Amino acid sequence: MIEYGRVKEEFTGSDMPLAFVDLAAFEGNADAVAEASDDLEVRVVTKSLRCRRLIERLLERDSFEDVMCYSGYEAAWLLNSGVVDDALVAYPIANPDEIEAAADADATLMVDSIEHLELIEDVAADAGVCIDLDVSSYVAGQRVGALRSSLTPEEARDLAVDADERGLEVRGVMGYDAQIAGLTDRTPNRSKLGDVVVEALKNRSWQTVVEKREAVRSYLEDAGFRELFYNGGGTGSLHLCSGDPALTEAAVGSAFYYPALFSYHDTVELEPAAAYCLEVTRQPEPDVYTVRGGGYTASGPVGPDKEPQPHLPEEMTLSREGAGEVQTPVETDVDLELGDPVVFRHAKAGELCERFRELYLVDGDEVQSVDTYRGEGRCFM
Ligand SMILES: Cc1ncc(COP(=O)(O)O)c(C=O)c1O
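Just so you know, the numbering used here puts 1073 at position 278 of the sequence shown, and the rest follows in order with no gaps.
Written out as structure tokens, the structure reads:
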């Protein structure tokens, strides 16, 4: 990421909070993703970007083909505005209006049950669907994986056959390995022993993931489904995905901004690219400065890994007060002045954009502002 001197030069005196993306780091991350995904196509995970201009920029690359959306209305908006040609909605939708909007735009809808098929059939008789396969492993009856689909490979095949018989178009299978991609290898709130257990679980679970994806692909091919896409992975498992022969594509989003939480993952080498600036407004103690705003804590189980991380100037930590609603004290030896920017990384990627209407794209000496989804008046969740 750009150095603190450049941040100061560019943003001191600007209205803060403001968010920026260092384009050199963003493009470097995209190069790293392209290299790691090898022969797999990259499906860009829009929830982790939430900025149309940056999604478009990624899709200009050769192996970055399509998008994975988090809402049916979002998919319809991106397809109808011509930003993308193909959108997969990664999570099932229960609202008939949203299903209809997404299907009318030819988005692919996620299903893991007969109820999902019935809902879709009612409003969009020939919609495209993707079967959500459970790739969790089970240890002593406990699921190691996300609480999403519960479909075994055989059940996934049966659901595909059922969908086909109803006239729906089966387009692909997704098997998201949340227990690898979404589980950090280290965190500040876990012991070293905990990390060792997690490593063992992840290694073992990856075998299950590969076996289940291979099984579903073979069942579906035997049942006559030959042209499907097989999607898996995420930023946290990208280093493994190209070694899975059942996959045709990898889903990747967070890698491009590389938010703080992913610093706790052993994955492809990436560089922080997105951050936000808050301005110093007072100094309560010699080594403590208070900046205005900042409490942008990420979703998920509460813990220090969900807090924003002070990033620049270096050697700075949050105080015991954490990131506050309207004020955030930070501790540092560096001398700062009132009005100086302090740079933070959000723990997650796209959530940052729910706080900001625009992103400043820093391209060397040039800076250009682009709208986030929120800046375009869109709020999908
Ligand atoms: C279905 C699915 N695929 C992939 C991902 C990975 O996205 P990212 O690369 O932003 O971690 C997610 C994230 O939650 C997901 O839900």
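Just so you know, even glycine gets a beta-carbon here, dropped at the ideal spot from N, CA and C.
Given the structure is predicted, the values throughout are model-derived calculations rather than measurements.
{"Query": "Start and end residues, beta strand (DSSP E) containing Val-1063", "Result": "Counting along the chain, Val-1063 falls outside any beta strand (DSSP E), and DSSP gives it neither H nor E."}
{"Query": "Residue burial classification, Gln-1002 (beta-carbon count within 10 angstroms, cutoff 16)", "Result": "exposed"}
{"Query": "Pick from Glu-1074, Arg-952, Leu-873, Ile-915 that is closest to Gly-962, judged by C-alpha positions", "Result": "Ile-915"}
{"Query": "Nonlocal neighbours in the same chain, by C-beta distance under 7 Å from Leu-1033, ignoring five residues either side", "Result": "Val-828, Ala-831, Ser-832, Ala-1045, Val-1047, Ala-1050, Thr-1062, Val-1063"}
{"Query": "Per-residue burial, Leu-1042 [other beta carbons within 10 Å of its own, 16 or more giving buried]", "Result": "buried"}
{"Query": "8 Å Cβ cutoff met for Lys-1007 and Val-930", "Result": "yes"}
{"Query": "Beta-carbon spacing of Phe-821, Ala-1070 below 8 Å", "Result": "no"}
{"Query": "Buried versus exposed, by CB contacts within 10 Å (16 or more), Pro-1136", "Result": "buried"}
{"Query": "Stretch-stretch touch, CB-based, cutoff 8 Å, three pairs: the stretch 1084 to 1094 with the stretch 1137 to 1152", "Result": "yes"}
{"Query": "One or two residues paired with Ala-1041 in a DSSP bridge", "Result": "Per DSSP, none; premise fails for Ala-1041."}
{"Query": "Cβ-heavy atom distance, Val-1047 to ligand 1, below 7 Å", "Result": "yes"}
{"Query": "Sub-8 Å separation of Cys-1148 and Arg-1173 beta-carbons", "Result": "no"}
{"Query": "Distance between beta carbons of Ala-896 and Tyr-865, contact taken as under 8 Å", "Result": "That pair is no contact at about 14 Å."}
{"Query": "Burial state of Lys-1143 (16 or more Cβ within 10 Å)", "Result": "buried"}
{"Query": "Whole-angstrom distance between Leu-946 and Tyr-933, CA atom to CA atom", "Result": "13 Å"}
{"Query": "Entirely enclosed alpha helix (DSSP H) segments - the stretch 953 to 1034, minimum 4 residues", "Result": "973 to 976, 987 to 1017"}
{"Query": "Glu-1110 - DSSP class collapsed to helix/strand/coil", "Result": "coil"}
{"Query": "Arg-1115 (DSSP reduced to helix, strand or coil)", "Result": "coil"}
{"Query": "Cβ-Cβ distance between Glu-851 and Val-878 below 8 Å", "Result": "yes"}
{"Query": "For Ala-1055, three-class secondary structure by DSSP", "Result": "helix"}
{"Query": "Residue range of the unbroken alpha helix (DSSP H) whose run includes Glu-869", "Result": "867 to 875"}
{"Query": "Selection from Glu-1110, Leu-1056, Glu-1109 that minimises the alpha carbon distance to Pro-1096", "Result": "Leu-1056"}
{"Query": "Selection from Met-905, Glu-950, Gln-1104, Glu-960 that minimises the alpha carbon distance to Tyr-1014", "Result": "Glu-950"}
{"Query": "Which of helix, strand or coil DSSP assigns to Ile-915", "Result": "helix"}
{"Query": "Reference Gly-940; option with closest CA among Met-1176, Ala-819, Ser-1000", "Result": "Ser-1000"}
{"Query": "Contacting residues, own chain, Cβ-Cβ under 8 Å from Leu-1073 (five flanking each side not counted)", "Result": "Met-811, Pro-812, Val-1086, Arg-1087, Gly-1088, Gly-1089, Thr-1123, Pro-1136, Val-1137, Phe-1139"}
{"Query": "From Asn-1026, Ile-888, Glu-1102, residue whose alpha carbon lies closest to that of Leu-904", "Result": "Ile-888"}
{"Query": "In DSSP terms, what Phe-859 is bridged to", "Result": "Val-837"}
{"Query": "CB of Ile-926 within 8 Å of CB of Val-965, strictly", "Result": "yes"}
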